[in-house]
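Going by the numbering used here, the sequence shown opens with residue 335, and the numbers climb by one from there.
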Amino acid sequence: MDDLTGKQHADISGVSIAGGATVAPMWSRTEDVPRGIVLMIIATVLFAGASAASKWLVAIYPVGEVLFLRSLSSFMACAVVMLPVTGLSVFVTRRPRDHLLRGLSQSISQAALLLAFSLMPLAGAVAINFSAPLFAALVSIVWLKERAGFVRGTALVVGFLGVLIVTNPGVNSLTLGALFALINAVMYGSVTVAVRGMTRTESANTLVIWQLAVLAFFHSFLLVFGWRWPSALDAALLFGTGFINAVGQWFWTRALHLAPAAAVTPFYYLMLVWALVIGFVVWGEVPTASLLVGSSIVVATGLFLFLREARLQRRLA
Numbered sequence: 335m336d337d338l339t340g341k342q343h344a345d346i347s348g349v350s351i352a353g354g355a356t357v358a359p360m361w362s363r364t365e366d367v368p369r370g371i372v373l374m375i376i377a378t379v380l381f382a383g384a385s386a387a388s389k390w391l392v393a394i395y396p397v398g399e400v401l402f403l404r405s406l407s408s409f410m411a412c413a414v415v416m417l418p419v420t421g422l423s424v425f426v427t428r429r430p431r432d433h434l435l436r437g438l439s440q441s442i443s444q445a446a447l448l449l450a451f452s453l454m455p456l457a458g459a460v461a462i463n464f465s466a467p468l469f470a471a472l473v474s475i476v477w478l479k480e481r482a483g484f485v486r487g488t489a490l491v492v493g494f495l496g497v498l499i500v501t502n503p504g505v506n507s508l509t510l511g512a513l514f515a516l517i518n519a520v521m522y523g524s525v526t527v528a529v530r531g532m533t534r535t536e537s538a539n540t541l542v543i544w545q546l547a548v549l550a551f552f553h554s555f556l557l558v559f560g561w562r563w564p565s566a567l568d569a570a571l572l573f574g575t576g577f578i579n580a581v582g583q584w585f586w587t588r589a590l591h592l593a594p595a596a597a598v599t600p601f602y603y604l605m606l607v608w609a610l611v612i613g614f615v616v617w618g619e620v621p622t623a624s625l626l627v628g629s630s631i632v633v634a635t636g637l638f639l640f641l642r643e644a645r646l647q648r649r650l651a
């Protein structure tokens, strides 16, 4: 789930893996909308499951340990698929500093998300995470000097009002968990914009392999804050979260190759439903009215912006 946000806005010509970057697909596109919808729903179940597993694990093991083993397993899964095809040439780049800075930012973003999981209900963290595309749009307006426009600007204002409702800042200000979730959303939105700039000089495969390698590298330093030897079952779960997320990415991308993005993207937001159900069944988390109302606003505005941008791109094509 750390990789959720901004995914539905990624380039659908490639496979998104753990952070919004894309890997060139290895299949031809054939349209099958019903099957695409089914695969998107499966992807959301896997993403929600990986997020729930992470929340469960950080209650037992140090956050740094969970992050490192998950990042390592994602890197290993990607390397097993990619390196036999590309070889070590995939690591060749003229922008190592940019890759390191991007990886560092994403490392902090993922750490903030796991801390949010440990401090607040699963669905609340997921709902705030869905605001990352709003922050990405805001950063693109400020940084890339993209036009805001009345409609886009209004949608952003409404979306951020939804974020405020979800975080529910009162006299005691934001809860610590909501603050970490917001840090993740802001940083992930910024990373999404940065990736758009790097795609002009870097291949999708290079973006992915560097990101996952750098994530595992930076997260390894967090092991100094604690390590607890896991049981065999927990070790499988720790490594499994990264693998499950990678499999979910494959289903997500395959769905976007089988059907138009506008047809399947709305089903991506079902992940919030699964998070609500899992949170209630596993941890007894009862959703508050502010969570339901605020997350509905965030989802609606995010979906509106996505469909609007897709429509504008079709007109320009």
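Just so it is clear, CB atoms sit at the ideal spot from N, CA and C, and this is done for glycine as well. Just so we're clear, the structure is a prediction, and the values are computed from it rather than from any experiment.
- Boundaries of the alpha helix (DSSP H) harbouring V616: L604 to W617, taken from the DSSP string.
- Contact between the segment 547 to 559 and the segment 400 to 419 is established, with three or more Cβ pairs separated by less than 8 Å.
- Within a 10 Å sphere around the beta-carbon of W563 sit fewer than 16 other beta-carbons, which makes this residue exposed.
- Residue state for F464 is assigned as coil, using DSSP reduced to three classes.
- In the three-state DSSP reduction, V426 falls in the coil class, being neither helix nor strand.
- Under the DSSP assignment, D568 falls in the alpha helix (DSSP H) whose first and last residues are A566 to L592.
- Three or more beta-carbon pairs drawn from the segment 509 to 522 and the segment 455 to 462 are found closer than 8 Å, and the two stretches are therefore classed as touching.
- Between S524 and L448, the CB-CB gap reaches or exceeds 8 Å.
- Close CB contacts of F551 within its chain, under the 8 Å cut and outside five residues either way in sequence, are with G437 (chain order).
- In the structure shown, the three-state DSSP call for V620 is coil.
- With fewer than 16 other Cβ atoms inside 10 Å of its own Cβ, V367 counts as exposed.
- Secondary structure at M454: coil, using DSSP grouped into helix, strand and coil.
- Collapsing the DSSP output to three states places S537 in coil.
- In the three-state DSSP reduction, N502 falls in the coil class, being neither helix nor strand.
- In the structure shown, K389 adopts helical secondary structure according to DSSP, grouped into three states.
- Take S452, set aside five residues on each side of it, and the residues of its chain with a beta-carbon closer than 8 Å to its own are K389, V392, A393, V397 and G511, in chain order.
- Between the alpha carbons of G576 and L541 lies a gap of roughly 18 Å.
- One Cα belongs to F640, the other to S423, and the distance between them is close to 35 Å.
- In this structure, DSSP gives I442 a helical state, which the three-state scheme calls helix.
- The beta carbon of L516 lies closer than 7 Å to those of I462 and T501 in the same chain, with the five residues before and after it left out.
- Excluding five sequence positions before and after A609, the CB atoms of its chain that fall closer than 6 Å to its own CB belong to A382, L456, A457 and V460, given in chain order.
- DSSP places Y395 in the coil class of the three-state scheme, outside both helix and strand.
- Here A644 has A595 and A596 as same chain residues with Cβ atoms under 7 Å from its own Cβ, once five neighbours each way along the sequence are excluded.
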